[in-house]
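In our numbering, the protein residues as written are 41 to 253.
We put the CB at the ideal spot given by N, CA and C, even for glycine.
Model, not experiment: these values are computed from the prediction.
In what follows, a single structure is set out as structure tokens and then discussed.
Printed below as a string of structure tokens:
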């Protein structure tokens, strides 16, 4: 499999925020978000991905004192065939996966929670059809918010795909503590008014945009 890094930290976003977790970051992505904080997983100019065998991956994951696994990227759903094989060997783990929702799932039975982050216009990507729908009760939706005007797009998106507010998280865009704090102040008020969940980027608040090894 194409792997970028494996490390131990806390989940910094979404409903599992604060949970000690092993992170498996896969290489490659089918989108190019202009504010992406992990371009080293897909941009040839800065990429440092490597190919690892399954036994190497498993050994590294199991070296940490934790049975909560977060699979992220890049876009990890690009490697579903490899994930099937890997996760069939990691049955003791609670597994959540981060995805942009543009690729249909083949690994539903191996995953406890899908953190689906559809990309808005602020990402710089063209609109794409959502392939991971809320009929799948394992899925929550997480939207990156840059400006207050993004809320109108979120509302239209949720109406189109019938995404309930209690499964919707709004998260401030930013790769610095200052940016996260600035956007969080008004975004929290929007969440209070509209009934959405708020997610900070706790790892950015604690460590900055620093990679954890």
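Worksheet item: In the structure shown, what three-state DSSP assignment does residue 99 receive?
Response: helix
Item to complete: With distances taken Cα to Cα, identify the nearest neighbour of residue 143 among 132, 124, 134 and 169.
Response: 169
Worksheet item: Can you give the Cα-Cα distance for residue 151 and residue 188, rounded to whole angstroms?
Response: 33 Å
Item to complete: Within its chain, find whatever has a CB closer than 7 Å to the CB of residue 215; leave out the 5 residues flanking it on each side and keep chain order.
Response: 77, 244 and 249
Item to complete: Tell me where the beta strand (DSSP E) around residue 209 begins and ends.
Response: 208-212
Item to complete: Kindly indicate the opening and closing residues of the alpha helix (DSSP H) around residue 198.
Response: 190-201
Item to complete: Run the CB neighbour count on residue 91, radius 10 Å, all protein chains shown included, and call it buried at 16 or more, exposed below.
Response: exposed
Worksheet item: Can you list, in chain order, the residues of its chain whose CB lies under 6 Å from that of residue 193, leaving out five sequence neighbours each side?
Response: 160
Fill in: DSSP beta-bridge partners of residue 60
50
Worksheet item: Apart from the five residues on each side of it in sequence, which residues of its chain come closer than 6 Å, Cβ to Cβ, to residue 133?
Response: 107 and 109
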